[in-house]
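Below is one structure; the comments refer to it alone.
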Amino acid sequence: MTRALVLGGGGVTGIAWEWGVLAGLAAAGVRLGSADLVIGTSAGSVVGAQVANGLDPLERYEAQLVPPDGEIGATLGAGVIARFALAMVGSQSPQRVRQRIGRHAHRANTQATEAERVAVIESRLPVHEWPADRRLQVTAVDTETGAFRVFDGSSGVPLVLAVAASCAVPFVWPPVTIEGKRYMDGGVRSGANADLAAGCERVVVLAPMPRSLGPVPGVSAQVEELRREAKVALVTPDAEALEAIGRNVLDPAARAGAARAGLAQAASLVDSVREVWD
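Structural data, given as structure tokens:
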């Protein structure tokens, strides 16, 4: 039986919510870290790198409760949304749209340089090596061509760079250079890229931001396709979690509340997730 854990994007609050859900499920005996394949996109790549390396969900949940003193946040404001909308005008070919987003991302003024942003990811990521006994896939998008790229332990790319690329939100953080190419957030292709789990028999998807945006597919359509051949559980934030997450998913001040909301929500998920996972 092949099992996959898919972790979608959702900013710093998405990371916190995912750890809350994972910790709550683990406390109830449902340990998603036993997955054969872990797929991480953007925020999910941060969580996925740690899950695949065997870090304890409860410890990582507790780390989300530490006050974000001195931590630099960001905002997905109207200007960022307007740039996304502008890139979607015209051709609705997903790759062409991604290419236009990438072109705009190159010209964007960000509050950190590429080197500074990679250093931040390195300092916050407790693990810097690809897992030895579990498959981990980290997603990103080539800013020049709009092509989708999946990094794993066989790619020869350092884990920190792969995660930094997957978390490079266009217009907010700079693209990350890997092997002479520049990459941006894997969520530009799909919020969770759940379709990478095709072929697995049991799949659990944690998607902090499940909605679609223009030609970017939402997670629901990908999950429905997976359900043709697999048992799949899709977990998205409930009403209380959405309130805790708030409007700005890049606000570190909302992290603790999002983590607690994820932990609380996990209690209602135990039976449905266990049915799929076990």
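Be aware that the sequence shown starts at 5, since it is given in our numbering, and climbs by one per residue.
Note that CB positions come from ideal geometry on N, CA and C, so glycine has one too.
Because the structure is a prediction, the values reported are computed rather than measured.
How about residue 29 and residue 223: do their beta carbons lie closer than 8 Å? As a first step, residue 29 must be located in the sequence shown, where it is residue number 25. As a first step, residue 223 must be located in the sequence shown, where it is residue number 219. Going by C-beta atoms, residue 29 is not nearer than 8 Å to residue 223.
In this structure, how does DSSP classify residue 43 when only helix, strand and coil are distinguished? Numbered from 1 along the sequence shown, position 39 holds the residue referred to as residue 43. It is a strand residue.
Going by the beta-carbon positions, is the gap between residue 18 and residue 47 smaller than 8 Å? Taking the first residue of the sequence shown as position 1, residue 18 is located at position 14. Taking the first residue of the sequence shown as position 1, residue 47 is located at position 43. Yes; because the gap between Cβ atoms is below 8 Å, this pair is in contact.
Check whether the segment 187-204 and the segment 139-156 are in contact - that is, three or more C-beta pairs closer than 8 Å. yes
Cβ contact (3+ pairs, closer than 8 Å) linking the segment 176-186 and the segment 195-204: no
In terms of residues, what are the limits of the beta strand (DSSP E) holding residue 144? Position 140 of the sequence shown holds residue 144. Run containing residue 144: 139-146, per the beta strand (DSSP E) assignment.
Strand pairing of residue 181, partner residues [DSSP]: To locate residue 181, count along the sequence shown from 1; it is residue 177. Paired residue(s): 186.
Can residue 64 and residue 23 be called in contact, C-beta distance under 8 Å? Counting from one through the sequence shown, the residue named residue 64 turns up at place 60. Counting from one through the sequence shown, the residue named residue 23 turns up at place 19. Yes, the pair counts as a contact, with Cβ atoms nearer than the cut-off.
In this structure, does DSSP put residue 239 in helix, strand or coil? Taking the sequence shown and counting its residues from 1, the one referred to as residue 239 is at position 235. The answer is strand: DSSP assigns residue 239 an E or B state.
Under 8 Å: do the segment 250-263 and the segment 7-18 share three or more Cβ pairs, one atom per stretch? yes
Where in the segment 87-173 do unbroken runs of the alpha helix (DSSP H), each at least 4 residues long, occur, reported from the N-terminal end onward? 98-111, 118-128 and 163-170
Identify every run of the alpha helix (DSSP H) within the segment 196-234, keeping only runs that are complete inside it and at least 4 residues long; order them along the chain. 223-230
Along the chain, where does the beta strand (DSSP E) containing residue 7 start, and where does it finish? Residue mapping note: residue 7 aligns to position 3 of the sequence shown, counting from 1. That run of the beta strand (DSSP E) goes 7-11.
Residue closest to residue 72, alpha-carbon to alpha-carbon, out of 280, 238 and 255: Working through the sequence shown from its first residue, we reach residue 72 at position 68. Residue 72 has its Cα closest to that of 255, out of 280, 238 and 255.
Counting only runs of 4+ residues fully inside the segment 252-276, write out the alpha helix (DSSP H) ranges in chain order. 259-270
State whether the segment 237-254 contacts the segment 114-125, with contact taken as three or more CB pairs (one from each stretch) at a distance under 8 Å. no
Answer yes if the segment 208-222 comes into contact with the segment 160-172, meaning at least three C-beta pairs across the two stretches below 8 Å, and no otherwise. no
Rounded to whole angstroms, what is the Cα-Cα separation between residue 51 and residue 90? Translated into positions along the sequence shown, residue 51 becomes position 47. Translated into positions along the sequence shown, residue 90 becomes position 86. Distance between the alpha carbons of residue 51 and residue 90: 31 Å.
Specify the secondary structure class of residue 31 as computed by DSSP and reduced to three states. Along the sequence shown, one-based indexing puts residue 31 at 27. Reduced to three states, the DSSP call for residue 31 is helix.
What is the rounded straight-line gap between the Cα of residue 70 and the Cα of residue 45? The residue labelled residue 70 in the question sits at position 66 within the sequence shown. The residue labelled residue 45 in the question sits at position 41 within the sequence shown. The straight-line gap from Cα to Cα measures roughly 24 Å.
If we count the other Cβ atoms within 10 Å of its Cβ and call it buried at 16 or more, is residue 251 buried or exposed? Start at 1 with the first residue of the sequence shown, and residue 251 comes out as number 247. Exposed, by the Cβ-count rule.
Are residue 41 and residue 204 closer than 8 Å when you measure CB to CB? One-based indexing of the sequence shown puts residue 41 at position 37. One-based indexing of the sequence shown puts residue 204 at position 200. Their beta carbons are under 8 Å apart, which means residue 41 touches residue 204 by this criterion.
Option in 136, 111 and 152 with minimal Cα separation from residue 54: Locating residue 54 in the sequence shown gives position 50, counting from the first residue. Closest option to residue 54, Cα to Cα, is 136.
Determine the DSSP secondary structure at residue 64, reduced to helix, strand or coil. Taking the first residue of the sequence shown as 1, we reach residue 64 at position 60. The answer is helix: DSSP assigns residue 64 an H, G or I state.
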